[in-house]
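Residue numbers (our numbering): 2 to 155.
Dropping the structure here:
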């Protein structure tokens with residue numbers, strides 16, 4: 002597979018939505034189940050805000066603008082994204098996570114979060130994909146390899 006971006010994006014959305022359906026059926030909203038106590042609990046909560054429960058009560062226009070921005074990024078400079086595999090993977094992870102959370106908003110009116118580390122706001126697989134994807138994009142475009150023999154940063 003030359004460009005696995007579509008597969009990565011699809012896998013993130015599919016895994017995210019499947020896990021959320023299982024969590025929603027197994028754990029009532031507002032309750033917690035120890036998975037690896039005292040480190041990891043499965044806690045079924047609804048997040049009306051954005052990643053990691055930030056900005057609760059934001060209007061629906063905010064996630065819509067995020068998705069429009071992602072679509073713009075996907076199509077505005079495809080040649081630049083296509084040049085680097087890490088950028089392709091980062092954008093696929095970020096977009097897959099965003100779509101996973103957007104599906105929740107359309108389906109239940111809020112994002113379903115379930116990963117509870119007890120020291121951090123409850124989050125989900127989509128949030129993790131968004132975070133890793135954004136980090137990959139930042140690292141990809143912050144680090145530029147130098148041609149052989151040029152020696153270091155310029």
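Even for Gly, the Cβ is constructed at its ideal location relative to N, Cα and C.
In chain order, what residues of the same chain have a beta carbon less than 7 angstroms from the beta carbon of residue i, not counting five sequence neighbours either side?
| i | result |
| --- | --- |
| residue 16 | 126 |
| residue 29 | 45 |
| residue 155 | Legend: pLDDT at residue 155 = 47, less than 50; position of this residue unreliable, no value from coordinates given. |
Can you check which of these residues, the options, is closest to residue i by C-alpha distance?
| i | options | result |
| --- | --- | --- |
| residue 24 | 10, 44, 121 | 44 |
| residue 103 | 38, 49, 141 | 49 |
| residue 38 | 117, 144, 128, 95 | 117 |
| residue 47 | 114, 142, 34 | 114 |
| residue 123 | 22, 14, 31 | 31 |
| residue 108 | 135, 18, 139 | 18 |
| residue 66 | 100, 89, 87, 13 | 100 |
| residue 36 | 128, 139, 119 | 119 |
In this structure, how does DSSP classify residue i when only helix, strand and coil are distinguished?
| i | result |
| --- | --- |
| residue 70 | helix |
| residue 44 | strand |
| residue 36 | strand |
| residue 30 | coil |
| residue 86 | helix |
| residue 155 | Note that residue 155 has pLDDT 47, beneath the 50 cutoff, so the model's placement of it is unreliable and the number below is only indicative. Residue 155: coil per DSSP, three-state reduction. |
Report buried or exposed for residue i, applying the criterion of at least 16 other Cβ atoms within 10 angstroms of its Cβ.
| i | result |
| --- | --- |
| residue 130 | buried |
| residue 10 | buried |
| residue 6 | buried |
| residue 144 | exposed |
| residue 84 | exposed |
| residue 13 | buried |
| residue 110 | exposed |
| residue 22 | exposed |
| residue 89 | buried |
Per DSSP, residue i is paired with what?
| i | result |
| --- | --- |
| residue 112 | 48 |
| residue 124 | 116 |
Can you give me the Cβ contacts of residue i inside the same chain, cut-off strictly under 6 angstroms, excluding the 5 residues immediately before and after it?
| i | result |
| --- | --- |
| residue 33 | 42, 44 |
| residue 93 | 6, 9, 10 |
| residue 134 | 91, 94, 95 |
| residue 87 | 137, 141 |
| residue 105 | 112, 113 |
Beta-carbon within less than 8 angstroms of residue i's beta-carbon, same chain only, minus the 5 sequence neighbours each way: which residues are those?
| i | result |
| --- | --- |
| residue 20 | 115, 125, 126 |
| residue 69 | none |
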